[in-house]
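A.B. asks: Mapping the sequence shown onto full-length UniProt numbering, position 76 (from 1) lands on 76, and the numbers just tick up by one.
Here a beta-carbon is modelled for each residue, glycine too, at the ideal position from N, C-alpha and C.
Small disclaimer: the values here were computed from a predicted structure and weren't measured.
Take a look at this one; I'll ask things after.
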Amino acid sequence: MLSDAEWEAILISLQVAGTAVAWILVPGIALAWLMARHEFRGKALLDGVLHLPLVLPPVVVGYLLLVSLGRQGLLGRWLDQWFGITLPFTWQGAAVAGGIMAFPLLVRAVRLSLEAVDVKLEAAASTLGANRWRILFTITLPLALPGLLTGTVLAFARALSEFGATITFASNIPGETRTLPLALYTLIQSPGKEAAAARLCAIAILIAMLSLLVSEWLARKARKRLRGRDG
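In structure tokens:
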């Protein structure tokens, strides 16, 4: 049986990961579309910046968030003064950290899916009088749906497993920011907590596997639906 603290860590993790995906979904799709459909000066630089969270140590990302979104940071001071929003050491801050770390996975998956969409279909719709928004929502995004679903699930799994940026920016506060990885880290450091650590480790593996299976199932279902329409 799981203890109350273990259940609490799992629920906080789900809340943080869900919120992380919710706030990165629209900008992620928009940037993926921009990168897939347009050529512009500085595109390679933007692509590199978007992928920085994949190659930077998560602690560095957490520190940069703390510097920029902390109460004395440029953005953090503005958010606090104008809206009363404080992100460091809160579960919302953990969601920001998780979203930043998951953002490249979402953008990359959606971008690859958008690049696979035949632009001739969009051109044909345009010649028939469809505007850009109608083409996007009736042709482009439906055809890219498998990649969008895959990217969303992978981003959720990445945000769920985030550790370094979260502990740096949001700390390890029980009942507030102690997510599943942070709870596992705390148990590993506590003598006599091996059984609890093993339980959380097993749950983390189970959630990760379920995320991958759900991602593949949704992608296959979307592809079958598209083939059915084509048929």
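What first and last residue would you give for the alpha helix (DSSP H) that runs through residue 101?
C.D. replies: The sequence position of residue 101 within the sequence shown is 101, counting from 1. Where residue 101 is concerned, the enclosing alpha helix (DSSP H) stretches over 91–115.
A.B. asks: Apart from the five residues just before and just after residue 86, which ones in its own chain have a Cβ nearer than 7 Å to its Cβ?
C.D. replies: Here residue 86 refers to the residue found at position 86 when the sequence shown is read from its first residue. So the qualifying residues of the chain are 71, 80.
A.B. asks: Can you check whether the CB of residue 65 is closer than 7 Å to the CB of residue 169?
C.D. replies: What you label residue 169 is simply residue 169 of the sequence shown in a count that begins at 1. What you label residue 65 is simply residue 65 of the sequence shown in a count that begins at 1. The answer is yes: Cβ separation under 7 Å.
A.B. asks: Specify the secondary structure class of residue 35 as computed by DSSP and reduced to three states.
C.D. replies: In the sequence shown, the residue the question calls residue 35 occupies position 35. Helix at residue 35.
A.B. asks: Less than 7 Å between the C-beta atoms of residue 147 and residue 112, yes or no?
C.D. replies: The sequence position of residue 147 within the sequence shown is 147, counting from 1. The sequence position of residue 112 within the sequence shown is 112, counting from 1. The Cβ atoms of residue 147 and residue 112 sit closer than 7 Å to each other.
A.B. asks: Starting from residue 121 and walking both ways along the alpha helix (DSSP H), at which residues does that stretch end?
C.D. replies: Residue 121 sits at position 121 when you count from the first residue of the sequence shown. Start and end: 119–127.
A.B. asks: Please determine if the segment 132–144 and the segment 87–96 are in contact, where contact requires at least 3 C-beta pairs separated by less than 8 Å.
C.D. replies: no
A.B. asks: Taking the C-alpha atoms as reference points, what is the distance between residue 128 and residue 149?
C.D. replies: Counted from its first residue, the sequence shown places residue 128 at position 128. Counted from its first residue, the sequence shown places residue 149 at position 149. Spanning the two alpha carbons is a distance of roughly 29 Å.
A.B. asks: Throw me the rounded Cβ distance for the residue 167 and residue 182 pair, which I believe falls under 8 Å.
C.D. replies: The residue given as residue 167 occupies position 167 in the sequence shown. The residue given as residue 182 occupies position 182 in the sequence shown. Indeed, because the Cβ distance is near 6 Å, the residues count as touching under 8 Å.
A.B. asks: Would you grab the beta carbon distance between residue 99 and residue 198 for me? Rounded to a whole angstrom, and I think it's under 8 Å.
C.D. replies: By 1-based counting over the sequence shown, the position of residue 99 is 99. By 1-based counting over the sequence shown, the position of residue 198 is 198. Between residue 198 and residue 99 the Cβ distance is about 29 Å, and since that is not below 8 Å, they are no contact.
A.B. asks: Can you tell me whether residue 162 is buried or exposed? The criterion is at least 16 other CB atoms within 10 Å of its CB, across all chains shown.
C.D. replies: The residue labelled residue 162 in the question sits at position 162 within the sequence shown. Answer is buried; the Cβ neighbour count reaches 16.
A.B. asks: Is it buried or exposed, residue 103, if we count other Cβ atoms within 10 angstroms and call 16 or more buried?
C.D. replies: Translated into positions along the sequence shown, residue 103 becomes position 103. Buried, by the Cβ-count rule.
A.B. asks: Measuring CA to CA, which of 217, 203, 47, 5 is closest to residue 108?
C.D. replies: Residue mapping note: residue 108 aligns to position 108 of the sequence shown, counting from 1. Of the listed residues, the one whose Cα sits closest to residue 108 is 47.
A.B. asks: With DSSP as the reference, label residue 161 as helix, strand or coil.
C.D. replies: One-based indexing of the sequence shown puts residue 161 at position 161. In the structure shown, residue 161 sits in coil (DSSP, three-state: anything other than H, G, I, E or B).
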